[in-house]
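Taken in sequence, the protein lines are chains G and H.
Read in order, the letters of the first sequence are residues 44 to 309 in the working numbering.
Read in order, the letters of the second sequence are residues 98 to 380 in the working numbering.
By construction, the Cβ of each residue, glycine as well, lies at the ideal position given by its N, Cα and C atoms.
Note sheet for the following structure.
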Amino acid sequence: MIRDITLGQYYQADSVIHRLDPRVKLVATIGFIISLFVVDSWVGYVVAALFLACMIKLSKVPFRYMVKGMRAIVFILMITVVFNLFLTPGEPLVTVWKLTITKQGLRTAVMMAVRLSFLIVGSSLMTLTTTPNSLTDGMEKLMKPLKYVKVPVHEIAMMMSIALRFIPILLEETDKIMKAQIARGADFESGNLIKKAKAMVPLLVPLFISAFRRANDLAMAMEARCYRGGEHRTKMKPLCYHAADRIAYCVLLVYFAGCVAIRIFF
Amino acid sequence: MGIIKTDKLTFEYIRRDEEGNVEGITRAVDEVDLDIRQGDFIAILGHNGSGKSTLAKHINAILYPTEGTVWVDGMDTQDEAHLWDIRQEAGMVFQNPDNQIIGQMVEEDVGFGPENMGVPTKEIWERVEESLKAVGMYEFRKHSPNKLSGGQKQRVSIAGVIAMHPKCIILDEPTAMLDPNGRKEVIRAVRALNDVEGITVVLITHYMEEIIHADQVFVMDQGHIAMEGTPREIFSRVDELKELRLDVPQVTLLAHELREKGVDLPEGILTIEEFVEALDRCR
Numbered sequence: 044m045i046r047d048i049t050l051g052q053y054y055q056a057d058s059v060i061h062r063l064d065p066r067v068k069l070v071a072t073i074g075f076i077i078s079l080f081v082v083d084s085w086v087g088y089v090v091a092a093l094f095l096a097c098m099i100k101l102s103k104v105p106f107r108y109m110v111k112g113m114r115a116i117v118f119i120l121m122i123t124v125v126f127n128l129f130l131t132p133g134e135p136l137v138t139v140w141k142l143t144i145t146k147q148g149l150r151t152a153v154m155m156a157v158r159l160s161f162l163i164v165g166s167s168l169m170t171l172t173t174t175p176n177s178l179t180d181g182m183e184k185l186m187k188p189l190k191y192v193k194v195p196v197h198e199i200a201m202m203m204s205i206a207l208r209f210i211p212i213l214l215e216e217t218d219k220i221m222k223a224q225i226a227r228g229a230d231f232e233s234g235n236l237i238k239k240a241k242a243m244v245p246l247l248v249p250l251f252i253s254a255f256r257r258a259n260d261l262a263m264a265m266e267a268r269c270y271r272g273g274e275h276r277t278k279m280k281p282l283c284y285h286a287a288d289r290i291a292y293c294v295l296l297v298y299f300a301g302c303v304a305i306r307i308f309f
Numbered sequence: 098m099g100i101i102k103t104d105k106l107t108f109e110y111i112r113r114d115e116e117g118n119v120e121g122i123t124r125a126v127d128e129v130d131l132d133i134r135q136g137d138f139i140a141i142l143g144h145n146g147s148g149k150s151t152l153a154k155h156i157n158a159i160l161y162p163t164e165g166t167v168w169v170d171g172m173d174t175q176d177e178a179h180l181w182d183i184r185q186e187a188g189m190v191f192q193n194p195d196n197q198i199i200g201q202m203v204e205e206d207v208g209f210g211p212e213n214m215g216v217p218t219k220e221i222w223e224r225v226e227e228s229l230k231a232v233g234m235y236e237f238r239k240h241s242p243n244k245l246s247g248g249q250k251q252r253v254s255i256a257g258v259i260a261m262h263p264k265c266i267i268l269d270e271p272t273a274m275l276d277p278n279g280r281k282e283v284i285r286a287v288r289a290l291n292d293v294e295g296i297t298v299v300l301i302t303h304y305m306e307e308i309i310h311a312d313q314v315f316v317m318d319q320g321h322i323a324m325e326g327t328p329r330e331i332f333s334r335v336d337e338l339k340e341l342r343l344d345v346p347q348v349t350l351l352a353h354e355l356r357e358k359g360v361d362l363p364e365g366i367l368t369i370e371e372f373v374e375a376l377d378r379c380r
């Protein structure tokens, strides 16, 4: 039950997008998000939609997986649309009771909805095609310049990958503690929200204690294996750009230049 | 001087109350002298709280002696300049397999040690391959550690240590959390390392069956070395072992009891085969 939760929602497939360097995908995702805010005309959105559609097609990830990501933000999307629709001042179109839908409001509302949904689909495309591990690797390499301003880049990446490694272990442990307590008559199911939250306390205390113990053990095991931070460290799987990655950067550049051009000329 | 040598090694835990005042001092290890030869299979026995794990952590320079000295391959563990050499030469495997695997894939975990040592990428891959083959886990190299059994996880941990090319490997109760099958798997892998690769093994355990093949056994009690000798010598002292709250393998115990009742059996029988042979001779 609780073990079935998957994080990082990676979709296993063999595609051009999957094989790309994680850095390319990170940069492309950020570039795509920026491009959504650069363009503000319908032509621009059509171009962005085409670009996104091509990428989805290339990634071989079924479209319904993308839509799954959308479900989480439907609520936020609705609020944004409603607020923009009714609260933007301008030329009135329809008036219902005290609420007025304006022409400008309609335009912003639709645009915001398109922007947000493209944004979500675009970034979930990245997480669907990149394993959490290579994502942290890519981040570490991309953020490397920040080391000169004293940002512990390697340490952050290491923490992220350890956290990912321990998620299933801690979930399993939660499951075990829960069952042990249910066996002794604990009740996690019934009652109102406050009662349920209170029932979680005896679950969280042992879980925290064990997490700390694990952290302590792990730190010792890492030190015993000569871990001393990012200095002097070599990589087993170093990231390096291939021809496909360079082409991907070119494609991205062309797309981005196109977006800027659209912004200027339309 | 052997690969590991200790001279009057003493370690004290200081217990503090909530305000940080010293409540008392516990001597976990008390004037222990050890001298372990390169290539030996050493077993350290002892019940819970006898100081055996504390002793083990000194060899890897995780703990430093309160008094006395520890040398690993001639290097003093208190010498900061040699810290990383010592940790590379004396690898350590811990009790809980889940809490010592860092990688999200078997091969990544085995590569963690060499990565830390700054080994070039190509050589890391060679080392990972050879270490995984040495413990018989090569087919699992692409698996997630979470999907492995306890015995398999422990073998991955051992591979992770071997990949650092240590001269000796210390196993701190590696089988305590495993089922009997997992225990056999791990012990078999450890023995192969000792026989084939000639790596010095220090096995800390409280399972008697695991020490039968050791070259030398140390029994610890309250921080002291209470007994030392070959497994046969140790097991012929059944009454002393009982006093130290240690269980003797059942065959050994049976032979001992029979002998006390007047059956003509030698002391220190370790395996069922030996027992059968000795019984045959009696008839």
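Under the three-state reduction of DSSP, R113/H is assigned to strand. Among the bridge pairs identified by DSSP, T143/G is matched with T138/G. Annotated three-state conformation of H240/H is coil, per DSSP.
Taking a C-beta cut-off of 9 Å against chain G, none of the residues of the region 112 to 139 of chain H qualify. Collapsing the DSSP output to three states places H197/G in a helix. Burial state of T173/G is buried, judged by a 10 Å Cβ sphere holding 16 or more other Cβ atoms. The DSSP-derived three-state label of C265/H is strand.
With respect to chain H, the C-beta atom of T179/G has no partner C-beta closer than 7 Å. If one requires a minimum length of 4 residues, the alpha helix (DSSP H) runs lying completely within the region 168 to 196 of chain H are 180 to 186, in chain order. Taking C-beta separations shorter than 8 Å and ignoring five residues to either side along the sequence, the partners of V293/H in its chain run A231, following chain order. Take G165/G, set aside five residues on each side of it, and the residues of its chain with a beta-carbon closer than 7 Å to its own are T72, F75, I76, L95, in chain order. When 9 Å is used as the limit between beta carbons, I301/H is near no residue of chain G, the shortest such separation being about 14 Å.
Around V216/H, the beta-carbon contacts reaching into chain G at under 8 Å are T277. With a threshold of 7 Å between beta carbons, I212/G makes contact with chain H.
Selection S150/H, E282/H, F108/H evaluated against T302/H yields S150/H as nearest (Cα-Cα).
In this structure, L300/H places its C-beta atom within 7 Å of the C-beta atom of L268/H. Going by DSSP, I122/H is part of the beta strand (DSSP E) stretching over 119 to 133. One finds I199 in chain H with Cβ atoms closer than 7 Å to the Cβ of M265/G, taken in chain order. At a cut-off of 7 Å between C-beta atoms, P65/G does not count as an interface residue with respect to chain H. Under DSSP, Q319/H shares a beta bridge with no residue. Counting C-beta atoms within 10 angstroms of its own C-beta, A187/H has 16 or more neighbours from the protein chains shown and is therefore classed as buried. Rounded to the nearest angstrom, the gap between the Cα atoms of N127/G and G133/G is 12 Å. Using a Cβ-Cβ distance cut-off of 8 Å, the region 154 to 165 of chain H and the region 336 to 347 of chain H are not in contact, since fewer than three pairs of beta carbons, one from each stretch, lie closer than that value. Unbroken alpha helix (DSSP H) runs of no fewer than 4 residues, entirely contained in the region 157 to 223 of chain G, are found at 175 to 185, following chain order. Excluding the 5 residues flanking it on each side, Q135/H has same chain C-beta neighbours closer than 6 Å at I100, T297, in chain order. Remark: C-beta atoms of L69/G and G181/G approach each other more closely than 7 Å. Residue burial annotation: Q55/G is exposed, with fewer than 16 other C-beta atoms found within 10 angstroms of its C-beta.
Secondary-structure assignment with DSSP links V314/H through a beta bridge to A140/H, G326/H. When the Cα atoms are used, P249/G and N196/H turn out to be separated by approximately 17 Å. For the options L130/G, S160/G, A91/G, V89/G, the alpha carbon positioned closest to that of F118/G is the one of S160/G. For V345/H, there is no enclosing beta strand (DSSP E), as DSSP marks it with neither H nor E. Secondary structure of L275/H (DSSP, three-state): coil.
For the pair Y284/G and D64/G, the CB atoms are nearer than the 7 Å cut-off.
Counting along the chain, T297/H sits inside the beta strand (DSSP E) bounded by residues 297 to 302.
Boundaries of the alpha helix (DSSP H) harbouring E374/H: 369 to 379, taken from the DSSP string. Counting C-beta atoms within 10 angstroms of its own C-beta, G171/H has fewer than 16 neighbours from the protein chains shown and is therefore classed as exposed.
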